[in-house]
Amino acid sequence: MTRTAPSLGKDLVGLERLEPDQISTILDTAEPFKEISERRIKKVPVLRGKTIVNLFFEPSTRTRVSFEFAEKRLSADTVNISSSGSSVVKGETLVDTARNLEAMKIDMVVMRHGSSGAASFLADRIPSSVVNAGDGGHEHPTQALLDMLTIRDTLGRISGIKVCLVGDILHSRVARSNIFGLLKLGAEVAVCGPRTLLPRGVEELGVSVFGRIEDAIEWADVLNVLRLQFERMKAGYVPSLREYNRVWGVSSARLDAAPKDLVILHPGPMNRGVEIDSDVADGPHSVILNQVTNGVAIRMAVLYLLAGGVPEAAEAAKGGGES
Amino acid sequence: MSRSMIIKGGRVVDPGQGIDGTYDVLLDETGIIEVAGGIDAPEDAVEIDASGLIVTPGLIDVHVHLREPGEEHKETIETGAHAAAAGGFTAICAMPNTDPPIDDPATVGFVKAQGERVGATRVYPVGAISVGLEGTQLAEVGEMVQAGAVAITDDGHPVMDSGLMRMALEYSQAFGIPVADHPEDLGLSGEGVMNESLVSTRLGLRGKPNASEDIHIVRDLLLAEFTGGRLHLQHISTTYGVEAIRQAKARGVRVTAEATPHHLLLTDEAVDGFRTDAKMNPPLRSAKDRAAVQEGLADGTLDTIATDHAPHHYDEKEQAFDDAPFGIVGLETSLGLILTHVVGKGIIDLPTMVDRMSRAPAEAFGLPGGSLTPGSVADVTIIDPAVEWTIDRELFCSKSRNQPFDAWELRGRARCTIVGGRIVFERN
Numbered sequence: 000m001t002r003t004a005p006s007l008g009k010d011l012v013g014l015e016r017l018e019p020d021q022i023s024t025i026l027d028t029a030e031p032f033k034e035i036s037e038r039r040i041k042k043v044p045v046l047r048g049k050t051i052v053n054l055f056f057e058p059s060t061r062t063r064v065s066f067e068f069a070e071k072r073l074s075a076d077t078v079n080i081s082s083s084g085s086s087v088v089k090g091e092t093l094v095d096t097a098r099n100l101e102a103m104k105i106d107m108v109v110m111r112h113g114s115s116g117a118a119s120f121l122a123d124r125i126p127s128s129v130v131n132a133g134d135g136g137h138e139h140p141t142q143a144l145l146d147m148l149t150i151r152d153t154l155g156r157i158s159g160i161k162v163c164l165v166g167d168i169l170h171s172r173v174a175r176s177n178i179f180g181l182l183k184l185g186a187e188v189a190v191c192g193p194r195t196l197l198p199r200g201v202e203e204l205g206v207s208v209f210g211r212i213e214d215a216i217e218w219a220d221v222l223n224v225l226r227l228q229f230e231r232m233k234a235g236y237v238p239s240l241r242e243y244n245r246v247w248g249v250s251s252a253r254l255d256a257a258p259k260d261l262v263i264l265h266p267g268p269m270n271r272g273v274e275i276d277s278d279v280a281d282g283p284h285s286v287i288l289n290q291v292t293n294g295v296a297i298r299m300a301v302l303y304l305l306a307g308g309v310p311e312a313a314e315a316a317k318g319g320g321e322s
Numbered sequence: 000m001s002r003s004m005i006i007k008g009g010r011v012v013d014p015g016q017g018i019d020g021t022y023d024v025l026l027d028e029t030g031i032i033e034v035a036g037g038i039d040a041p042e043d044a045v046e047i048d049a050s051g052l053i054v055t056p057g058l059i060d061v062h063v064h065l066r067e068p069g070e071e072h073k074e075t076i077e078t079g080a081h082a083a084a085a086g087g088f089t090a091i092c093a094m095p096n097t098d099p100p101i102d103d104p105a106t107v108g109f110v111k112a113q114g115e116r117v118g119a120t121r122v123y124p125v126g127a128i129s130v131g132l133e134g135t136q137l138a139e140v141g142e143m144v145q146a147g148a149v150a151i152t153d154d155g156h157p158v159m160d161s162g163l164m165r166m167a168l169e170y171s172q173a174f175g176i177p178v179a180d181h182p183e184d185l186g187l188s189g190e191g192v193m194n195e196s197l198v199s200t201r202l203g204l205r206g207k208p209n210a211s212e213d214i215h216i217v218r219d220l221l222l223a224e225f226t227g228g229r230l231h232l233q234h235i236s237t238t239y240g241v242e243a244i245r246q247a248k249a250r251g252v253r254v255t256a257e258a259t260p261h262h263l264l265l266t267d268e269a270v271d272g273f274r275t276d277a278k279m280n281p282p283l284r285s286a287k288d289r290a291a292v293q294e295g296l297a298d299g300t301l302d303t304i305a306t307d308h309a310p311h312h313y314d315e316k317e318q319a320f321d322d323a324p325f326g327i328v329g330l331e332t333s334l335g336l337i338l339t340h341v342v343g344k345g346i347i348d349l350p351t352m353v354d355r356m357s358r359a360p361a362e363a364f365g366l367p368g369g370s371l372t373p374g375s376v377a378d379v380t381i382i383d384p385a386v387e388w389t390i391d392r393e394l395f396c397s398k399s400r401n402q403p404f405d406a407w408e409l410r411g412r413a414r415c416t417i418v419g420g421r422i423v424f425e426r427n
């Protein structure tokens with residue numbers, strides 16, 4: 000195959016605007032990068048001399064750490080800025096923060112922000128590459144990419160696989176990125192949860208809707224179980240976490256009643272005993288920790304491609320495997 | 000005796016008198032003197048050649064935010080009044096959600112005096128319904144009317160307390176003014192920042208459903224019917240809202256209502272790309288809703304075209320969508336947009352446009368003008384219907400630039416704006 004894989008462009012803001020080819024390229028590029036994390040010396044010089052700022056306006060441990068590992072294993076210089084203690088809380092605008100960083104001559108910004116559209120806002124205003132690490136309820140593209148890589152690893156393909164997203168679809172950027180990405184790669188997608196947490200018109204995106212978790216389990220090959228945030232209960236979307244668990248919780252009893260074994264994903268952090276029971280999370284069909292491992296490889300692939308890396312050269316770029 | 004003015008040979012459109020033809024208009028500072036063919040004007044009269052132009056009673060916008068006092072970085076009464084004159088408006092009504100709000104006679108008097116000092120478009124203050132716009136205690140309506148308020152509203156905020164709204168509709172009757180309401184049930188619209196629709200779902204933005212507006216419209220109509228008060232419903236954007244008003248009018252409820260240029264022309268698709276210049280409240284809605292607003296304007300269910308001119312500093316719109324304020328400016332684009340895309344597309348004809356932008360708003364708010372009958376105020380708008388121009392925010396008289404129509408190519412705009420027999424704006 001001599002065809003050149005499509006470039007990602009300057010930024011990764013979301014999966015909605017990507018072509019299926021571009022998504023496949025990221026997944027394929029992540030494959031050779033997986034191995035780096037298995038080495039004794041987990042570092043290759045692919046992004047040596049590049050400066051990356053991790054700009055987190057919302058608290059995040061797992062996504063930030065995953066990006067930081069990816070950056071460090073590619074030898075980039077990284078700076079972390081989180082909202083507490085930075086000038087962000089002193090009233091500086093997003094535009095000014097971005098311009099100040101830009102003035103210090105950086106190459107990339109990885110940003111998490113509480114407002115939908117913040118990533119494209121930043122991407123439109125600075126020449127550096129912007130990687131969206133989650134913007135409000137809009138998109139979280141690297142999470143969906145690592146979810147898709149994990150599904151492909153486990154089931155061998157994505158096309159034709161039935162994936163059901165369970166829980167708070169309304170507020171979930173993970174759900175949106177998964178819906179856009181999975182549909183582009185030919186999966187069948189459904190959502191399941193209380194109607195209060197399903198966004199209006201979600202069916203028009205091309206997904207099926209299940210009101211009952213039992214029906215979703217009967218239909219699906221894969222469940223991607225989303226975190227139910229405690230604030231949703233306070234805001235009245237669900238009456239109580241206990242009731243949520245009773246009605247929509249993914250339990251082994253429910254999974255045992257299914258006609259086939261399901262693959263269980265969860266983007267974390269989990270509320271054990273709320274959206275997912277411990278015996279499912281820790282059970283044989285859970286690939287939740289594989290997701291975490293794949294997260295680093297996916298983020299390495301995204302950073303590599305945005306920095307101008309050629310997918311075909313990824314194997315060579317990372318150097319030979321350790322003997 | 001003041002010097003008179005004769006506007007010769009224009010197409011005079013005055014729907015209040017059923018006039019649509021080529022006439023001369025003679026006026027002076029005291030008022031309109033005559034509309035007829037071949038008028039012999041006094042020798043010293045100022046003569047304006049209006050051949051090829053349209054001459055109408057001065058346009059009136061009953062829904063404008065001038066931001067003074069308190070937010071003069073966005074707009075002042077002076078810049079707003081000049082923007083209005085440039086847009087062809089001879090009178091505008093200033094909303095009370097300033098800082099401090101226009102909720103007492105002193106502030107009403109201040110706004111009125113500032114408008115008179117500027118001496119461009121007439122500025123009519125609208126007082127608050129409730130003290131501090133807080134929605135609890137009725138403001139001093141009678142005192143504010145004495146000081147010059149022409150209506151009351153808590154615009155920006157809906158009156159959520161039905162008991163207070165009832166009170167306002169009853170109490171205001173002594174003063175012959177309308178009670179204007181921004182219809183929105185806050186419990187339903189919650190933290191929404193755009194229309195609740197497929198677009199909000201795709202963008203991951205929180206939505207305001209049509210029902211949040213519909214429920215409040217229906218409540219207000221029931222209260223107007225029950226109290227006999229005069230209700231004015233602001234910026235109607237929903238299909239059901241238009242239908243509810245249509246039915247209420249058929250029952251004889253005393254209600255008038257507005258359509259904005261943006262709800263007549265745009266849908267929520269304009270928000271795509273997180274464009275904060277398309278963020279306003281009520282939000283842009285579906286194509287079906289837009290068609291309903293157009294139909295409501297055409298059949299008179301929606302009486303007036305009003306801009307909801309809402310200036311914001313560019314820094315304030317230069318933020319993530321959630322963080323940017325609601326609202327767009329409209330005074331300098333309204334007439335051109337309506338001529339090109341509403342009249343030009345055959346949704347309404349020119350006399351109907353003049354009705355919705357002059358006669359009806361004057362009637363709804365009890366303002367002078369809206370007609371060229373002899374003795375009326377000498378407020379006239381002269382429109383060039385053929386001039387082609389492109390919206391360029393950098394050329395606005397308004398202090399603010401926020402609106403989604405930049406680079407739209409239009410046909411028709413105001414050539415000359417006359418207030419009280421004096422030219423307050425002229426464009427060559």
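Protein chains in written order, with numbering that gives the first Met the number 0: chain A, 0 to 322; chain B, 0 to 427. Heads up, the beta-carbon is just placed ideally off N, CA and C, and yes, glycines get one too. Predicted model only: the values in this text are computed from it and were never measured.
(request) Please determine, among A/258, A/148, A/241, the residue with the shortest C-alpha to C-alpha distance to residue 213 of chain A. (result) A/258
(message) So the candidates are A/151, A/41, A/51, A/157; which of them puts its Cα closest to the Cα of residue 350 of chain A?
(response) Limits of chain A in this structure are 0 at one end and 322 at the other, which puts residue 350 of chain A out of reach.
(message) Determine whether the beta carbon atoms of residue 211 of chain B and residue 183 of chain B lie at a separation below 7 Å.
(response) yes
(request) Quick one: give me the first and last residue of the alpha helix (DSSP H) that residue 176 of chain A is part of. (result) 172-183
(request) Could you check the C-alpha separation between residue 26 of chain A and residue 15 of chain A for me, to the nearest Å? (result) 16 Å
(message) Does any residue of chain A have a CB that is nearer than 7 Å to the CB of residue 204 of chain B?
(response) yes
(message) For the pair the stretch 64-80 of chain B and the stretch 306-314 of chain B, tell me if three or more CB-CB distances fall below 8 Å.
(response) yes
(request) Check residue 427 of chain B in the structure and name its three-state DSSP category. (result) coil
(request) Keeping to the same chain, check which residues put their C-beta closer than 6 Å to that of residue 177 of chain B; ignore five residues upstream and five downstream. (result) 150, 229, 231
(message) Any heavy atom of the ligand NAP inside 6 Å of the beta-carbon of residue 91 of chain B?
(response) The ligand NAP is not part of this structure, which contains no ligands at all.
(request) Identify, in the order they occur along the chain, each residue of the same chain with its Cβ nearer than 8 Å to the Cβ of residue 304 of chain A, setting aside the five sequence neighbours on each side. (result) 6, 7, 24, 25, 28, 310
(request) Tell me the start and end of each unbroken beta strand (DSSP E) in the stretch 48-88 of chain B that is at least 3 residues and wholly inside, in chain order. (result) 53-56, 58-63
(message) Once DSSP output is grouped into helix, strand and coil, what is the label at residue 284 of chain A?
(response) coil
(message) Mapping the DSSP letters down to three states, classify residue 99 of chain A as helix, strand or coil.
(response) helix
(request) Report the residue ranges of all alpha helix (DSSP H) runs contained in full by the stretch 203-283 of chain B; include only those spanning at least 4 residues, in chain order. (result) 209-226, 238-249, 260-264
(request) Work out the CA separation of residue 34 of chain B and residue 373 of chain B for me, nearest whole Å. (result) 8 Å
(message) Looking at chain B, is there any beta carbon in it that lies within less than 7 Å of the beta carbon of residue 136 of chain A?
(response) yes
(message) Threshold first: 3 residues or longer. Then list the beta strand (DSSP E) segments lying entirely within the stretch 116-171 of chain A, N to C.
(response) 128-134, 161-165
(request) Figure out for me which residue from B/197, B/3, B/298, B/248 has the closest Cα to the Cα of residue 39 of chain B. (result) B/3
(request) Give the DSSP-derived three-state secondary structure of residue 108 of chain B in the structure shown. (result) helix
(message) For residue 220 of chain B and residue 247 of chain B, which I take to be in contact (beta-carbon distance under 8 Å), what is that distance rounded to the nearest angstrom?
(response) 4 Å
(message) In whole angstroms, give me the CA-to-CA distance for residue 288 of chain B and residue 104 of chain A.
(response) 48 Å
(request) Determine which residues of the stretch 89-119 of chain A have a Cβ less than 7 Å from any Cβ of chain B, and write them out in chain order. (result) 92, 93, 94, 112, 114, 115, 116, 117, 119
(request) Return the bridge partner residues of residue 170 of chain B from the DSSP annotation. (result) Paired residue(s): none; residue 170 of chain B is not in a bridge.
(request) Write down the C-beta distance between residue 286 of chain A and residue 249 of chain A rounded to the nearest angstrom, noting that I regard them as a contact closer than 8 Å. (result) Incorrect: roughly 14 Å between the Cβ atoms, too far for contact.
(request) Compare the Cα-Cα distances from residue 227 of chain B to each of B/167, B/285, B/233 and report the closest residue. (result) B/167
(message) Residues of chain A with CB closer than 7 Å to the CB of residue 319 of chain B, please, in chain order.
(response) 93, 112, 114, 116, 117, 120
(message) Considering just the uninterrupted stretch of the alpha helix (DSSP H) at residue 31 of chain A, what are its terminal residues?
(response) 19-33
(request) Measure how close the beta-carbons of residue 282 of chain B and residue 194 of chain B come, nearest whole angstrom, since I'm counting them as under 8 Å. (result) 4 Å
(message) Between which two residues does the beta strand (DSSP E) holding residue 218 of chain A run?
(response) Residue 218 of chain A -> not in any beta strand (DSSP E); alpha helix (DSSP H) instead, spanning 212-218.
(request) Give the straight-line distance between the Cα atoms of residue 147 of chain A and residue 200 of chain B, rounded to the nearest whole angstrom. (result) 21 Å
(request) State the beta-bridge partners of residue 112 of chain A as determined by DSSP. (result) A/134
(request) Mind reading off the beta-carbon distance from residue 120 of chain B to residue 90 of chain B? Whole number of angstroms is fine, and I expect it under 8 Å. (result) 6 Å
(message) Taking a contact to mean a Cβ-Cβ separation below 7 Å, would you say residue 86 of chain B touches residue 334 of chain B in this structure?
(response) yes
(request) With a cut-off of 8 Å on the beta carbons, I'd call residue 358 of chain B and residue 365 of chain B a contact; round off their distance for me. (result) The pair is not a contact, with the Cβ atoms about 13 Å apart (cut-off 8 Å).
(request) State the CB to CB distance for the pair residue 81 of chain A and residue 47 of chain A, rounded to an integer number of angstroms; the pair is presumed to be in contact (CB under 8 Å). (result) 25 Å between Cβ atoms; not a contact.
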